[in-house]
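Colleague:
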Amino acid sequence: MKLGILGTADIAFRRFLPALSKCPQITYAGVASRTPEKGLKFQENFGGKVYESYDALLADESIDAVYVPLPPALHFEWGKKVLNAGKHLFMEKPFTTKQSDTKQLLELPDQKGLKVHENYMFLYHSQLAKIKEMIADGSLGDIRLYKMSFGFPMRGQGDFRYNKELGGGALLDCGGYPVRLALELLGNTAKVVHSKLVQPNGFEVDLYGSAVMENDVGEVAQISFGMDNAYQCQLEVWGSKATLIAPRIFTAGDGIKPTLILRTSFDESKMELDADDQFLHSIEEFVWNTTTIAIQSQASLVSNIQNGVIYK
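Numbering-wise, the sequence shown is residues 22 to 333 according to the working numbering.
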């Protein structure tokens, strides 16, 4: 697979391309940049071509897939263009800024035999698999409550996260992490039963918020998030026998060995897990799914030939 990038976002340079270099199934084609010097920085460090525009990259028929790390308000427009160009879409979170846009965008892959992937990397870290294993095997007893929180200190005012037109706001940025984790643990029947967003005077977007989610069997998740907060990146699973705490649930990079804390009424123990590359595994998941589509298409073609539908 040959992949190109739309835009020279920092996450593409610091996180995506180093992880991509470890994935032998993908060849990096290049980056489209409206600022030539930024594109050259990518080329000097990772090779590839510098395309003079986003449209020029999409017009390259040799490219099979595109990574879109643009500000959220641009995701729908350029995600649609990627799919209409016949290329698989690896979209940085959040997928879009509107439910209607998401629904419309997700109709295209099935029509065109393509794959889309939203990049919530923490889902592919081995620590989450370990946590789900401990929940399932009864180590914590019956689950009483899930609590997820993700927040960080205020960034510079020039950051797109504070710009409403670019899809800024705490909910769309850091809020998506605990929401996505709650869906992973509560399942597809999870619904929001209470929520609150706070937009202080002088800002055009929400800076922090919270919500309560509940599924059909009564399991509850309390989530909180913010980009004007002391740093927090934690999952707490409160059970009838023990409480499990994961203090680095969302951002355990490839050089970090995450620690799980297990508390009972009598003692506390810590479990150090192996470091893992969640960004790489997210890319590998994307590759696996696009490869599966290709295999299915090939199998369908063979079947049609065998059945006489195609006779050439």
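All C-beta atoms in this analysis are idealised placements derived from N, C-alpha and C, irrespective of residue type, glycine included.
#1: Take Leu294 and list the residues in its own chain whose beta-carbon comes closer than 8 angstroms to its own, dropping the five residues that flank it on each side.
#2: So, Thr118 versus Leu126, is the Cβ gap smaller than 8 angstroms?
#3: Which ranges does the alpha helix (DSSP H) cover as unbroken runs of at least 4 residues, wholly within the region 33-101, from first to last along the chain?
#4: In this structure, does DSSP put Tyr198 in helix, strand or coil?
#5: With a Cβ-Cβ cutoff of 8 angstroms, do Ile270 and Phe181 count as a contact?
#6: Starting from Thr123, trace the beta strand (DSSP E) in both directions and tell me its first and last residue.
#7: To the nearest angstrom, how far is it from the Cα of Glu240 to the Cα of Ala53?
#8: Within the continuous alpha helix (DSSP H) that includes Gln255, where are the two ends?
#9: When we look at the beta-carbon of His215 and count the other beta-carbons within 10 Å, is it buried (16 or more) or exposed?
#10: In chain order, what residues of the same chain have a beta carbon less than 7 angstroms from the beta carbon of Asp227, not counting five sequence neighbours either side?
#11: Inspect the beta-carbon positions of Ala94 and Gly177 and report whether they are closer than 8 angstroms.
#12: Just checking my contact of Met234 with Ala242 at CB under 8 angstroms: how many whole Å lie between their CB atoms?
#13: What would DSSP say about Glu225, mapped onto helix, strand or coil?
#14: Which first and last residues belong to the alpha helix (DSSP H) in which Gln337 is found?
#15: How would you label Met169, buried or exposed, when you count the other beta carbons within 10 angstroms and need 16 or more for buried?
#16: Am I right that Phe37 and Pro90 are in contact with their C-beta atoms under 8 angstroms? What's the rounded C-beta distance?
#17: Does Ala267 come out as helix, strand or coil in the three-state DSSP assignment?
Modeller: From the atom records:
#1: Ser147, Gln148, Lys151, Lys278, Pro279, Thr280, Leu281
#2: no
#3: 38-41, 57-67, 75-79
#4: Judged by DSSP in its simplified three-state form, Tyr198 adopts helix.
#5: Contact: no.
#6: Taken as a continuous stretch (DSSP letters only), Thr123 belongs to no beta strand (DSSP E), being part of the alpha helix (DSSP H) at 120-133.
#7: Each residue's alpha carbon lies about 45 angstroms from the other.
#8: Counting along the chain, Gln255 falls outside any alpha helix (DSSP H), though it belongs to the beta strand (DSSP E) covering 253-260.
#9: exposed
#10: Gly190, Ala191, Leu192, Leu218, Val219, Gln220
#11: no
#12: In this structure, Met234 and Ala242 form a Cβ contact; the two beta carbons are roughly 5 angstroms apart against a cut-off of 8 angstroms.
#13: coil
#14: Residue 337 cannot be examined here, being either before or after the span of the chain that is shown, 22 to 333.
#15: Label assigned to Met169: buried.
#16: That belief holds up - the Cβ atoms of Phe37 and Pro90 are roughly 7 angstroms apart, short of 8 angstroms.
#17: Here Ala267 sits in strand by DSSP.
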